[in-house]
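Asks:
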Amino acid sequence: MVDYVFRVGGEGGEGVISTGEMLTLDLARSGFEIYTFRTYPAEIKGGHANYQIRASGQLLLSQGDAVDVLLAFNQEAYDKHAKDIRPGGVLVYDSDSYIPPPVAAANGGAAAQAAGPSGQRTGGGNIPALVNSTVLYGVPLTSLATEQVGVKLTKNIIALGFVAELCDIPRETFEALLREKFGRKGETVVQKNLQALHIGMDYVKQVARKDSIKLGAGPRKTKELILSGNEALALGAIAAGCRFYAGYPITPATDIMEFLAKELPKIGGFVVQTEDEIAALGAVLGASFTGKKAMTATSGPGFSLMTEMMGLAVAAEIPAVVVDVQRVGPSTGMPTKTEQGDFYLACYGGHGNCPRVVMALTSVEDCFYGIMRAFNLAEQFQMPVVVLSDQYLGHRKATVPVFEIAKVPVVNRRTPTAQELVGYKRYRFTPDSISPMAMPGMEGGGYIAEGLEHDEGGYPAASNHEMHLRSTKKRYAKWAAVEPVANELVRIYGEPHPEIGIIGWGSSEGVIREAVQLAQAKGYSVGALHPKILYPAPLAKLKEFIDGTKAVIVAEVNYTGQFATALRKRFAYDFIQLNKCVGLPFTPKEIVDKIEEVAAHVRSGHRDLAAKL
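Here it is as structure tokens:
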């Protein structure tokens, strides 16, 4: 079965991301399942960027481990990524920009390789000093672009052509893609890019082929979507009935606002760019107060500003969905890198007793269905729902089946009947603690929605101690009622009662799932539990999974193990933390390595594993 990992690396501004995007789209249209990961500099131009694409004929769960084809535009890309090339893999580099040290060494320390048939520098062959049996192809991308095309910027298209021909990707699909991408810029631009593509493809004939890379056409025949996590989330919000969005631009969440700014007005919705994140959530609460389903999206710094308005949403019992596409903190941190560092903030951010639901999205497909569930919970329980994504997931592109909107039935808020509008009390104490919510314009349905403690009618009760206690119990009763839903939305992979268990959350699901499969193939008794709702936690399912295990690993992309810490408060269990804090997601190998380490200690009978590991 075809399963290849491509990685493009170079300087921001020289087409690294666009190269990856075009290769992604072409592979998807050629019938392959796709899973991508990209990381890019915080600078507008300059700094290192890379784009990874995994293409296969079967369902993909992660970005993969080793790289099959590395396209390194400059020395920095080579230095950062050459170590990740698998044995037998391929390095394609711009021989006008740099010469990899193993190539220079193989040529007696020369700064260039032997001239190829065209007189240009070229490379190829086995250089064990780099990675065992790696095949290197030096392509003079810069000079080909400037001398033959006459446009230096086309060097990435030449590189694409070389890689496409190398992998036997149909020429026609790439030509159609370039016409689609550059058509609006005029026929001259289209022809220049087609020329660059053909130059790259033809250059393959000038190198001595020593690789075994071959893709051809993919096996998939059914239509699928190719989109990012942020795009899927925006589509899911529309499907859930969201008709108002307010936000302030922030990496890596801005894509959501940009998508909705184009699409919401087409169906009578509104998008407002506010002056800051405080105003954004305030506008969302105002829209929701009027009966519109409303949402905002931000990242850690913006969500920090929203905590006061989160308290208002809780006190006034207003449905709202807040998406946090996490990035590395604290402060400005690393805006374009990924982390799962906002768990504490999402669950506990804000003063006073401030219950909210916290969900974590797991995949591009789950971004669509998960945000629909978030709106349903917000509407049903009349409280804010925080949805955690991250840069890894938000910017990841993947092929997914066409969405089935009916898969998640839409839930709307409870509104008062004509009888309930007589002597209407917005915050009436009910058996399930959910009070009918009137909308402006309903006769008899007027009320005050504010942050002051209030009585059942919404009137201030800031000095009524008993009312404050009753209202707090009411708000927490709604929150506690979400726990059964949390237990329903738990996913378990591998063995349900394993020797070694893994608990993860959010975007690490696919990586952990693949690692479990790899570990099981090696004979380990292992299983994984992945909750979709983190707060309130699915305690029943967690206890059932933990009981009987000999060790449980909690894998998180943060430094302190925030979810593991929360679990220790609920369970008398020595969880083993696996934390990663470098701005990058887990790889399957990292999870498997930890499983093997823990298994060795378990089988040797060591006690106090958490302290040792």
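Under the numbering used here, residue 806 is the last one in the sequence shown; the count climbs by one each step, no gaps.
Don't be surprised by glycine CBs; every beta carbon is placed ideally from N, CA and C.
#1: Which runs of the alpha helix (DSSP H) at least 4 residues long sit entirely within the stretch 403-447? Give them in chain order.
#2: Please report the distance separating the alpha-carbon of D361 from that of T212.
#3: Would you decide whether A714 is buried or exposed? Buried here means 16 or more other CB atoms lie within 10 Å of its CB.
#4: Can you tell which of G543, K276, S497 has the C-alpha that lies nearest to the C-alpha of C524?
#5: Which one or two residues does DSSP pair with Q245 in a beta bridge?
#6: Might you give, ordered along the chain, the residues of its own chain that have their beta carbon closer than 7 Å to the beta carbon of Q508, omitting 5 neighbours on each side?
#7: Could you check if I460 is buried or exposed, using at least 16 other CB atoms within 10 Å of its CB as the buried criterion?
#8: Cβ atoms of T491 and G542: under 8 Å apart, would you say?
#9: Which of helix, strand or coil does DSSP assign to F779?
#10: Name the two residues that bound the continuous beta strand (DSSP E) containing H647.
#11: Helix, strand or coil for S700, going by three-state DSSP, please let me know.
#12: So, with DSSP's three-state summary, where would you put H658?
#13: Taking the beta carbon of A304 as the centre, do at least 16 other beta carbons fall within 10 Å, making it buried, or is it exposed?
#14: So, with DSSP's three-state summary, where would you put V750?
#15: Nearest-angstrom Cα distance between P295 and R520?
#16: Taking only the alpha-carbon atoms, compute the straight-line gap between G651 and L614 and give it to the nearest angstrom.
#17: Under a three-way DSSP split, which group does G213 fall into?
#18: Please determine whether the Cβ atom of F355 lies at a distance below 7 Å from any heavy atom of the ligand PLP.
#19: State yes or no: is the C-beta of G176 within less than 8 Å of the C-beta of G522?
#20: Tell me which same chain residues have a C-beta within less than 6 Å of the C-beta of T623, skipping the five on either side of it?
#21: For Y541, which three-state DSSP category applies?
#22: Is V285 near V356, with beta carbons less than 8 Å apart?
#23: What did DSSP end up calling P691 once you bin it into helix, strand or coil?
#24: Exposed or buried, which one is G634 when buried takes at least 16 other CB atoms within 10 Å?
Replies: For this structure:
#1: 422-433
#2: 17 Å
#3: exposed
#4: The sequence shown places Ser at residue 524, rather than the Cys named in the question. Of the candidates G543, K276, S497, the one whose C-alpha sits nearest the C-alpha of S524 is S497.
#5: R200, F230
#6: In the sequence under discussion, the amino acid at residue 508 is Ala, which differs from the Gln named in the question. Closer than 7 Å at the Cβ level, and outside the excluded window around A508, lie G644.
#7: That one is exposed.
#8: Taking a C-beta distance under 8 Å as the contact criterion, G542 and T491 do not qualify as a contact pair.
#9: coil
#10: No beta strand (DSSP E) holds H647; DSSP gives it neither H nor E.
#11: helix
#12: helix
#13: Bear in mind that a pLDDT of 40 at A304, under 50, signals an unreliable position, so the number given afterwards is only what the model happens to contain. When all chains shown are included, A304 counts as exposed.
#14: coil
#15: 36 Å
#16: 14 Å
#17: helix
#18: Ligands are entirely absent from the displayed structure, and the ligand PLP is therefore not among its contents.
#19: Within the shown structure, residues of the chain are numbered from 194 to 806, placing residue 176 beyond reach of any answer.
#20: none
#21: helix
#22: yes
#23: coil
#24: exposed
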